[in-house]
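A quick write-up on the structure given underneath.
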DNA sequence: CTGAAAGCGCTTACAG
DNA sequence: CTGAAAGCGCTTACAG
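Residue numbers (my numbering), protein chains in the order written: chain A, 1 to 352; chain B, 1 to 352.
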């Protein structure tokens with residue numbers, strides 16, 4: 001029942017372990033005949049090298065780490081599960097394993113990466129949700145370690161990344177709202193240490209200018225990524241006078257919160273105030289009313305990230321693996337024409 | 001810059017590697033003085049043993065694997081991210097690593113586990129969503145390998161598990177609906193190869209009997225776990241005559257689908273037809289109207305699963321680690337009193 | 001109480 | 001083309 005080792009295989013073949021090892025690893029100085037003989041026997045005996053021994057001998061780990069986003073709102077982390085599934089599939093295609101790095105702070109994440117890379121436990125890293133200035137990326141670059149980023153940060157020209165053009169997405173969203181007659185478009189943004197937050201705000205601002213709408217700083221908010229934060233931020237924006245007739249939100253959970261804020265004022269999302277989110281979460285279909293959103297591409301980002309990382313491990317140039325994908329507008333029911341004379345923003349006063 | 005090895009540390013201390021190793025590993029036959037000296041030096045030089053070498057020498061891996069649920073609806077897998085976070089935290093407390101097993105079929109999962117355990121890449125396994133008869137569990141039990149199950153299966157008396165009593169939860173839900181005057185309560189169940197599906201249906205049926213309600217097989221459906229399947233199943237149940245005045249769903253995504261089915265018939269969930277889901281997903285707050293549900297305990301199941309597994313690895317008896325938690329009713333807006341004379345189930349006819 | 005040695009299961013220069 | 005040997009970085013009986 002014992003797992004067949006190299007020694008067992010070699011003994012059975014009356015060859016030395018070294019020869020068998022080389023035959024299996026495709027060394028060209030082995031005669032074609034014995035190579036075949038060895039491979040057949042290996043298959044028959046169900047031999048597979050022990051990864052731990054191999055790792056110790058070669059210093060190369062057939063495993064990569066994925067750095068989990070830090071604990072936050074579970075809704076805004078719903079991209080993780082499908083990403084892990086895709087990543088796992090891509091790695092499984094080559095027999096590589098997938099490790100999870102889970103820490104509460106960036107310095108702890110860096111420490112974990114330092115340990116894993118220094119001891120050669122992993123051969124590559126996938127990172128999500130980079131900061132504009134990201135200590136994890138700095139570390140990996142400094143160590144010359146293969147990694148690919150799900151998103152971008154400052155200095156992304158130098159490394160491999162997979163991102164969705166959320167700047168363009170937010171510009172498109174503004175354009176759509178402008179075409180619907182909206183002139184005062186509010187923006188619920190995300191904390192600006194996230195690169196994507198900066199991108200989305202930039203897209204919003206640029207499109208405002210392009211459409212000749214004035215950029216009222218009072219129409220911009222920054223909130224955490226979740227629904228509760230989105231609701232509070234949206235409520236604040238809606239209480240301004242004149243109020244925005246439309247709200248763009250950096251995430252779908254924020255947008256769901258915004259819908260709640262609108263309903264709380266006795267108004268109807270999509271009629272009195274339009275809302276467009278970003279993510280394309282399927283749960284948006286069940287919102288009240290169903291949420292219009294800029295949807296990230298269906299394409300399997302996890303699988304693609306895995307493929308890119310394996311290519312880097314094989315010696316590919318990081319700059320050859322930089323992919324910018326497009327988000328697509330997913331029209332549901334929260335984007336409507338601007339109300340004739342702005343939204344009825346006298347709700348609070350009326351109820352006094 | 002090279003990582004300090006055992007050899008470097010031993011040379012620096014003018015001791016043999018063996019002595020240093022034993023001092024660090026708490027062997028009692030080392031003098032207290034040198035033990036202290038060694039530990040101080042190890043700290044100062046930032047020594048940490050190479051896990052790969054240690055693993056090869058001891059045959060013990062300081063890592064565990066989590067078997068991902070198979071690719072399905074992302075909404076119904078939203079428990080995975082928080083679970084991984086909690087699990088990762090529990091393991092990090094002891095410096096253990098977390099591996100992901102991702103496969104498309106159960107046999108592939110078993111093959112992956114066989115490989116990981118045979119090569120001593122892992123020291124334990126966490127499993128989610130067991131089948132009633134589960135080949136992965138059979139394999140792990142046969143191998144005598146430490147594992148803990150998130151849920152239960154047949155034969156769960158013999159192994160460690162963490163579960164929520166969904167049988168009791170569904171019984172309670174039926175009781176609440178019965179108290180609201182509902183006599184015809186429909187049930188959208190999950191595929192019965194999942195243990196939890198059986199439990200939930202059993203709880204439903206038992207409570208029906210306990211409350212003197214008749215168990216009409218025509219009021220029971222089986223559907224996939226997601227919203228689309230839930231919507232179709234609910235639509236079918238609602239078209240029966242007489243129709244149910246309330247619907248119990250095995251998952252929150254199914255329940256969201258049920259709300260859609262009710263609205264599609266021009267009826268109002270919670271008024272014309274009541275709905276109670278199960279999961280307690282936060283997204284239910286944004287449903288139309290907000291979804292009443294049996295919420296799994298807030299308690300951090302991932303962390304607890306990790307703690308239990310570590311206890312098993314330390315030699316704990318599996319039967320000492322079996323925890324049944326309670327779900328709590330989360331009242332939102334979809335459970336209401338039964339309509340006077342049943343729901344207006346003439347929608348289709350009227351529209352002809 | 002400490003050291004020397006063997007071993008975990010591989011890979012890979014180095015000879016021949 | 002193949003074998004013998006050293007080495008990856010640890011741990012752990014076994015002596016003394």
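Every residue, glycine too, gets a C-beta built ideally from N, C-alpha and C. This structure is a prediction, so every number in the text was calculated from the model and none was measured.
Can you tell me whether residue i is helix, strand or coil according to DSSP?
| i | result |
| --- | --- |
| residue 7 (chain A) | helix |
| residue 276 (chain B) | strand |
| residue 244 (chain A) | coil |
| residue 295 (chain A) | strand |
| residue 190 (chain A) | coil |
| residue 269 (chain A) | strand |
| residue 221 (chain A) | strand |
| residue 286 (chain B) | helix |
| residue 337 (chain B) | coil |
| residue 281 (chain A) | coil |
| residue 13 (chain B) | helix |
| residue 213 (chain B) | coil |
List the whole-angstrom C-beta distance separating residue i from residue j, where the pair is believed to meet the contact cut-off of C-beta under 8 Å.
| i | j | result |
| --- | --- | --- |
| residue 30 (chain A) | residue 66 (chain A) | Contact flag wrong, Cβ pair sits at about 37 Å. |
| residue 206 (chain A) | residue 197 (chain A) | Residue 206 (chain A) to residue 197 (chain A), Cβ: 15 Å. No contact. |
| residue 177 (chain A) | residue 276 (chain A) | 7 Å |
| residue 113 (chain A) | residue 140 (chain A) | 7 Å |
| residue 125 (chain B) | residue 91 (chain B) | Not confirmed; about 13 Å, so no contact. |
| residue 334 (chain A) | residue 270 (chain A) | 4 Å |
| residue 381 (chain A) | residue 266 (chain A) | No information on residue 381 (chain A) is available, as it lies outside the stretch 1 to 352 that chain A covers here. |
| residue 121 (chain B) | residue 51 (chain A) | 6 Å |
| residue 214 (chain A) | residue 73 (chain A) | 33 Å between Cβ atoms; not a contact. |
| residue 102 (chain A) | residue 84 (chain B) | 7 Å |
| residue 203 (chain B) | residue 168 (chain B) | 6 Å |
Residue i versus chain A: which residues are under 9 Å apart at the beta carbon?
| i | result |
| --- | --- |
| residue 293 (chain B) | Under the 9 Å cutoff, chain A gives no residues; its nearest Cβ is about 13 Å from residue 293 (chain B). |
| residue 56 (chain B) | 50, 52, 53, 55, 56 |
| residue 43 (chain B) | Simply none; closest approach about 15 Å. |
| residue 99 (chain B) | 63, 97, 98, 99, 100 |
Against residue i, what residues of chain B qualify as contacts under a CB-to-CB distance less than 8 Å, listed in chain order?
| i | result |
| --- | --- |
| residue 288 (chain A) | 286, 287, 288, 289 |
| residue 17 (chain A) | Correct list: empty, because the minimum Cβ distance to chain B is about 16 Å. |
| residue 75 (chain A) | 78, 282, 283 |
| residue 115 (chain A) | 48 |
I want to verify the contact list: residues of chain B whose CB lies under 9 Å from the CB of residue i, in sequence order.
| i | result |
| --- | --- |
| residue 68 (chain A) | 81, 84, 85, 88 |
| residue 3 (chain A) | 118, 119 |
| residue 227 (chain A) | 282, 283, 285, 286 |
| residue 143 (chain A) | The contacting residues do not exist; residue 143 (chain A) stays about 10 Å from chain B at best. |
Using a cut-off of 7 Å between C-beta atoms, extract the partners of residue i located in chain B.
| i | result |
| --- | --- |
| residue 120 (chain A) | 52 |
| residue 137 (chain A) | Per Cβ cutoff of 7 Å: no residues; residue 137 (chain A) is ~20 Å from chain B at best. |
Going along chain A, which residues have a C-beta under 7 Å from residue i?
| i | result |
| --- | --- |
| residue 256 (chain B) | 286 |
| residue 71 (chain B) | 85 |
| residue 264 (chain B) | None at all; the shortest Cβ gap to chain A is about 13 Å. |
Any heavy atom of the ligand NAP closer than 6 Å to the beta-carbon of residue i?
| i | result |
| --- | --- |
| residue 103 (chain A) | Summarising the ligand content, the structure contains no ligands, and the ligand NAP is consequently not present. |
Who are the neighbours of residue i on chain A, taking C-beta pairs under 8 Å?
| i | result |
| --- | --- |
| residue 259 (chain B) | 286 |
| residue 111 (chain B) | The contacting residues do not exist; residue 111 (chain B) stays about 10 Å from chain A at best. |
Task: 3 or more residues per run - each beta strand (DSSP E) lying fully within the region 16 to 98 of chain A - done: Secondary structure within the region 16 to 98 of chain A: the beta strand (DSSP E) runs of 3 or more consecutive residues, fully enclosed, are 63 to 67 (chain order).
- [ ] Quick one: which unbroken alpha helix (DSSP H) runs of 4-plus residues sit fully inside the region 146 to 184 of chain B? Chain order, please.
- [x] Taking only runs of at least 4 residues, the alpha helix (DSSP H) segments lying wholly in the region 146 to 184 of chain B are 166 to 179.
Open item on the list: Three Cβ pairs or more, each shorter than 8 Å: is that satisfied between the region 283 to 292 of chain A and the region 311 to 330 of chain B?
Closed with: Between the region 283 to 292 of chain A and the region 311 to 330 of chain B there are fewer than three C-beta pairs closer than 8 Å, too few to call the two in contact.
Task: Cβ pair count under 8 Å reaching 3, the region 256 to 268 of chain A against the region 234 to 243 of chain A - done: For the pair of segments examined, the region 256 to 268 of chain A was found to touch the region 234 to 243 of chain A: the number of CB pairs separated by less than 8 Å reaches three.
TODO: May I have a chain-ordered list of the beta strand (DSSP E) segments no shorter than 3 residues that lie completely inside the region 102 to 141 of chain A?
DONE: Here the runs fully enclosed are 124 to 128.
Open item on the list: Across the region 295 to 310 of chain A and the region 321 to 340 of chain A, are there enough close Cβ pairs to call them in contact, namely three or more that are closer than 8 Å?
Closed with: Per the Cβ contact rule, the region 295 to 310 of chain A is in contact with the region 321 to 340 of chain A (3 or more Cβ pairs under 8 Å).
Open item on the list: Any contact between the region 121 to 138 of chain A and the region 129 to 144 of chain B? By contact I mean 3 or more CB pairs, one from each, below 8 Å.
Closed with: No: fewer than three Cβ pairs fall under 8 Å.
Task: Cβ contact check for the region 215 to 233 of chain A and the region 181 to 188 of chain A: 3 or more pairs under 8 Å - done: Output reads yes: the region 181 to 188 of chain A touches the region 215 to 233 of chain A.
Open item on the list: For the region 135 to 149 of chain B against the region 159 to 170 of chain B, do three or more pairs of beta-carbon atoms, one drawn from each stretch, fall closer than 8 Å, so that the two count as touching?
Closed with: Yes, the region 135 to 149 of chain B touches the region 159 to 170 of chain B.
- [ ] Indicate whether the contact test is met: 3 or more Cβ pairs, each with one atom in the region 3 to 11 of chain B and one in the region 29 to 48 of chain B, closer than 8 Å.
- [x] Contact between the region 3 to 11 of chain B and the region 29 to 48 of chain B is present, because at least three Cβ pairs lie under 8 Å.
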